[in-house]
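Report on the structure given below.
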Amino acid sequence: MQTWLLWQKWSAFCNNAVQRNKQCSVKMLEIIEWRHLDKYSLSTYIFTSSCSIRFLIYPFNFVKSRLQLQKQNTVYRGVRHALVHIIQNEGLRGLYRGYLMTVPQNVAPLIYCNAYEKTRESLKFHLGLSSDKLVSSLAGGTVSLLTQIIFVPTDITSQYMIIYKNPSAFIGEPHHAAVLNYIHRNKAKLSSRPAFQILSALYHVDGYRGFFRGYIASTALGISAGSMFWTVYYTCLESIRWCRRKFLHSLLGYDKDGHPYLLLDQGVAAAASSIIATTLTNPLEILRLRAQVQRASYAGTIKTMWFDERYRIITKGLLPRMVNSCIYTTATMMVYETLKKVCVLPEYQGQVIW
Numbered sequence: 097m098q099t100w101l102l103w104q105k106w107s108a109f110c111n112n113a114v115q116r117n118k119q120c121s122v123k124m125l126e127i128i129e130w131r132h133l134d135k136y137s138l139s140t141y142i143f144t145s146s147c148s149i150r151f152l153i154y155p156f157n158f159v160k161s162r163l164q165l166q167k168q169n170t171v172y173r174g175v176r177h178a179l180v181h182i183i184q185n186e187g188l189r190g191l192y193r194g195y196l197m198t199v200p201q202n203v204a205p206l207i208y209c210n211a212y213e214k215t216r217e218s219l220k221f222h223l224g225l226s227s228d229k230l231v232s233s234l235a236g237g238t239v240s241l242l243t244q245i246i247f248v249p250t251d252i253t254s255q256y257m258i259i260y261k262n263p264s265a266f267i268g269e270p271h272h273a274a275v276l277n278y279i280h281r282n283k284a285k286l287s288s289r290p291a292f293q294i295l296s297a298l299y300h301v302d303g304y305r306g307f308f309r310g311y312i313a314s315t316a317l318g319i320s321a322g323s324m325f326w327t328v329y330y331t332c333l334e335s336i337r338w339c340r341r342k343f344l345h346s347l348l349g350y351d352k353d354g355h356p357y358l359l360l361d362q363g364v365a366a367a368a369s370s371i372i373a374t375t376l377t378n379p380l381e382i383l384r385l386r387a388q389v390q391r392a393s394y395a396g397t398i399k400t401m402w403f404d405e406r407y408r409i410i411t412k413g414l415l416p417r418m419v420n421s422c423i424y425t426t427a428t429m430m431v432y433e434t435l436k437k438v439c440v441l442p443e444y445q446g447q448v449i450w
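My numbering applies: residue 97 is where the sequence shown begins, and numbers increase by one.
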């Protein structure tokens, strides 16, 4: 009898050990790669969330564009004055002027996410790069080249819509106003809708090249901002995790049930990365915007920027741009990381860290 009881206890111990070994052998997915995902479901959710987020934050982009296009403080004294002035004179709808022209940009996150994840996979598994920071930085910068094909034409049209009501205050020198002059001379022949007037004027003045003015500056901005963001993002994420384990382990039980604060960590890292990347690339953003709308050469635009603004190019329009970028990036990253967990293939669902 005693022998039988000992055998039962030994069997139970062995079974428990096997179960523990199985659990330990399953590697949890701290970073969900492209091969782990249901691509169709992920793309559908990304498009829907992108439309919602962009609609909510577009007014910040509107205010940012007007602040950065004006010479010094000739129209608005600051963000608050710009908001009050626009609402009083153009109404709340005025803050969404040009929004419809940016709707095609909602396709860009689909292209970006698909190309980004695929590029990450190629760099990591085909070229053997092991650093997540390096892989993400290279992938983010490379994919920005592709998405600018969508962003540049829609941005240019939207920016002309933003200054449509008061072009003389934002266009710079009169000889740079060829597009708006064409609209003024041919208004009787053009459509009554401003968007179609601008599209027609851009084509007649510059041909197809007019829709890609400032492409080099826009691409440089996309590559530098994307590379900075992903480098800082993973650095921040590692730092936050280290701080939690080092100082808050016993207090918050960080490692007791996996990673209970992973989504919060990702949100904080995204916000910090966005603020840093936005601040460092603000002069390049002003160069892109003015080159596209004011139509001067890059050398002429840089000279005018320095003559008019001096060191204010570092902070001009930075606050609304920072708010716009921070909200969009943080919301997008948190939604994106959550959607990746939801859209993981069935065989990997047990390895997802919530």
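Glycine residues also receive a C-beta, built at the ideal position from the N, C-alpha and C atoms.
Just so we're clear, the structure is a prediction, and the values are computed from it rather than from any experiment.
**Request:** Label Y154 either buried or exposed according to how many other C-beta atoms from any shown protein chain fall within 10 Å of its C-beta, with 16 as the threshold for buried.
**Result:** buried
**Three-state secondary structure assigned by DSSP to L133** = strand
**Item:** Proximity to A211 [Cα-Cα], best of N202, S240, G224 and W402
**Value:** S240
**Asked** So the alpha helix (DSSP H) R281 belongs to, where does it begin and stop?
**Response** A274 to R281
**Asked** For L62 versus L165, is the C-beta distance shorter than 9 Å?
**Response** The displayed coordinates of the chain run from 97 to 450. Any statement about residue 62 would go beyond what the structure contains.
**Prompt:** So which of G237, E213, S139 and V231 has the shortest CA-CA distance to P203?
**Reply:** Reading off the sequence, residue 203 comes out as Val, not Pro. The residue with the shortest Cα to Cα distance from V203 is S139.
**Message:** So if DSSP puts V364 in a beta bridge, which residue, or which two residues, is it bridged to?
**Reply:** In the DSSP output, where bridge partners are listed per residue, V364 has none listed.
**Item:** Where the alpha helix (DSSP H) containing C332 begins and where it ends
**Value:** Its alpha helix (DSSP H) spans residues Y311 to F343.
**Request:** Could you check if W326 is buried or exposed, using at least 16 other CB atoms within 10 Å of its CB as the buried criterion?
**Result:** Of the other Cβ atoms in all chains shown, 16 or more fall within 10 Å of the Cβ of W326; this residue is therefore buried.
**Item:** Distance, Q255 Cα to G190 Cα
**Value:** Note on geometry: alpha-carbon atoms of G190 and Q255 lie some 13 Å from one another.
**Asked** For the putative contact between T374 and M418, defined by C-beta atoms under 8 Å, what is the C-beta separation to the nearest angstrom?
**Response** 5 Å
**Asked** Exposed or buried, which one is C339 when buried takes at least 16 other CB atoms within 10 Å?
**Response** exposed
**Message:** For the alpha helix (DSSP H) containing G306, name the first residue and the last one.
**Reply:** Element bounds for G306: n/a, residue is neither H nor E.
**Residues bridged to V419 [DSSP beta-bridge criterion]** = Beta-bridge pairing links V419 to no other residue.
**Request:** Put V440 into one of helix, strand or coil per three-state DSSP.
**Result:** strand
**Asked** Distance, Cα to Cα, Q244 vs G236?
**Response** 12 Å
**Request:** Would you mind working out which of Q201, G322 and L163 sits nearest R150, comparing C-alpha positions?
**Result:** Q201
**Prompt:** Can you list, in chain order, the residues of its chain whose CB lies under 7 Å from that of H272, leaving out five sequence neighbours each side?
**Reply:** Q390, R391 and A392
**Message:** Does S233 come out as helix, strand or coil in the three-state DSSP assignment?
**Reply:** In the three-state DSSP reduction, S233 falls in the helix class (H, G or I).
**Prompt:** Given G194, which residues of its chain have a CB within under 6 Å of its CB, disregarding the five upstream and five downstream residues?
**Reply:** S254, M257 and I258
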